[in-house]
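> Counting from 275, one number per residue, gives the positions in the sequence shown under our numbering.
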Amino acid sequence: MHAPPLRTAHAPFRPGAFHLGCAVWGHPGWVGPVFPAGTAQRRHLEEYVKRFAAVEGNSVFHGMPVRATLERWRDTMPAGFVMTPKLPREVTHAGPLAPRAADRDAALAHLALLGPHLGPILLQLPPRYAPVAFEDLLAFLDGWPDDAPAPLVEFRHLGWFSKDVAPRLHAALVERGVGRVILDTRPVYAFGDDPQRDNPRKKPRLPVPVEPPAARVLLRFIGHPDRAHNDRWLPRWAELVDGWLREGREVFAFCHCPDEDHSPWIARRLQELLEGRGAPVPPLPWDALREPPRQTRLF
275 MHAPPLRTAH APFRPGAFHL GCAVWGHPGW VGPVFPAGTA QRRHLEEYVK
325 RFAAVEGNSV FHGMPVRATL ERWRDTMPAG FVMTPKLPRE VTHAGPLAPR
375 AADRDAALAH LALLGPHLGP ILLQLPPRYA PVAFEDLLAF LDGWPDDAPA
425 PLVEFRHLGW FSKDVAPRLH AALVERGVGR VILDTRPVYA FGDDPQRDNP
475 RKKPRLPVPV EPPAARVLLR FIGHPDRAHN DRWLPRWAEL VDGWLREGRE
525 VFAFCHCPDE DHSPWIARRL QELLEGRGAP VPPLPWDALR EPPRQTRLF
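1. How would you label P554, buried or exposed, when you count the other beta carbons within 10 angstroms and need 16 or more for buried?
2. Below 8 angstroms, how does it come out for the region 406 to 423 and the region 371 to 384: are there three or more Cβ pairs, yes or no?
3. With a threshold of 16 other CB atoms inside 10 Å of the CB of Q315, please say whether the residue is buried or exposed.
4. Just the C-alpha distance for M275 and L319, rounded to the nearest angstrom, thanks.
5. So, does the CB of F355 fall closer than 7 angstroms to a CB anywhere in chain C?
6. Near H301, what residues of its chain come up, given a Cβ to Cβ distance below 6 angstroms and the 5 sequence neighbours on each side ignored?
7. Among the candidates L447, H498 and A489, whose CA atom is the shortest distance from the CA of R471?
8. Please report how far the alpha carbon of R281 lies from the alpha carbon of W304, in whole angstroms.
9. Threshold first: 3 residues or longer. Then list the beta strand (DSSP E) segments lying entirely within the region 397 to 444, N to C.
10. Can you look up E524 in the DSSP assignment and give me helix, strand or coil?
11. Whose C-beta lies closer than 6 angstroms to the C-beta of I496 among residues of the same chain, with five residues either side of it excluded?
12. Determine the extent of the alpha helix (DSSP H) in which D458 is found, giving its start and end residues.
13. Can we say the region 429 to 436 touches the region 387 to 396, given the rule of at least three CB pairs closer than 8 angstroms?
14. What span of residues does the beta strand (DSSP E) with V365 cover, start to end?
15. Secondary structure at L280, three-state DSSP: helix, strand or coil?
16. Can you pull the DSSP bridge partners for G295?
17. Alpha carbon to alpha carbon, how far is V298 from L387? Give it in angstroms, no decimals.
18. Rank V323, A404 and R363 by C-alpha distance to the C-alpha of G337 and give the top, closest one.
19. Report the CB separation of R543 from R501 in whole angstroms; it is logged as a contact under 8 angstroms.
20. Can the beta-carbon of G331 be found less than 7 angstroms from the beta-carbon of M357?
21. Measure the alpha-carbon distance for L385 versus A368 and round it to whole angstroms.
22. Once DSSP output is grouped into helix, strand and coil, what is the label at V240?
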């Protein structure tokens, strides 16, 4: 008999691979339209992995799961499924980053329990973290453990996008092989309504740079609940993702919505546009299920 393969510490870089999903793997509004009617909350991950091959892992930001939880997640995820967790806010939102290096390393070591399902780490900086902290950021990145997945950094202070800072930042990320999160919140600001009005954690309104500094790219698309509105931007994202994949980049795309009911359908729309242009993307696992998905609302 052959010995079972050993679990690696994290998912390796895969040139030209595409990973599509949502910010979370379960939402009450998905039961019925997305998951089978009556699906219990404890079964949401089991159903989610039948439909998507990646998830953002937003919950880790709010509290690190215990060992047994991470192991249960790992054992529920099929081969090839990847999670890109955020570093906990106790690390990223407690002041300067460099003094939190030991906490970062402990978090990364704990997340390694996810084994081959652990993808790149989302390092989301708080809105108050400005370019005055440039050297602090570089020290934090330069001390990143070699055996941990590389980070993808999300910047939320407008100063990082200024003409004086942006070129220096891009060069520093390129030099270190560190990726950057591309956050597109335009759909929730473009139509004069406020789909985030009931959400206490509103996404910022920021420029959208599209030149990736590293081989791994993470797109976070914040869609509008009126799903037809998103077609102002999704075809262009399909074009860009197609190009990045053909360049040999590994691309993660996570679709959000202030009303999470709509997030899976926005992701399906991006998949549809990619397939329509012949992009080198794998089929969505969702499409292999016997029962077709039942949309609550059409594009």
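For glycine and all other residues, C-beta sits at the position ideal for the given N, C-alpha and C. All values derive from a computational prediction rather than experimental measurement.
Looking at the coordinates:
1. exposed
2. yes
3. exposed
4. Reliability fails at M275, whose pLDDT of 29 lies under 50, so the model's placement of it is uncertain and the value that follows must be treated cautiously. Spanning the two alpha carbons is a distance of roughly 32 angstroms.
5. Given the protein chain composition of this structure (a single chain), no chain C is represented.
6. E534
7. H498
8. At R281 the pLDDT is 42, less than 50, meaning the model places this residue with poor confidence; the figure from the coordinates comes in the next sentence. Answer to the nearest angstrom: the Cα atoms are 32 angstroms apart.
9. 425 to 428
10. strand
11. T459, V462, K477 and H530
12. Looking at the DSSP string, D458 is not in any alpha helix (DSSP H); the run it does join, the beta strand (DSSP E), is G453 to D458.
13. no
14. From DSSP, V365 is part of no beta strand (DSSP E) but of the alpha helix (DSSP H) over R363 to T366.
15. With a pLDDT of only 34 at L280, under the threshold of 50, the placement of this residue in the model should not be trusted, and no figure is reported.
16. A328 and F528
17. 19 angstroms
18. R363
19. 7 angstroms
20. yes
21. 20 angstroms
22. With the chain covering only 275 through 573, there is no way to say anything about residue 240.
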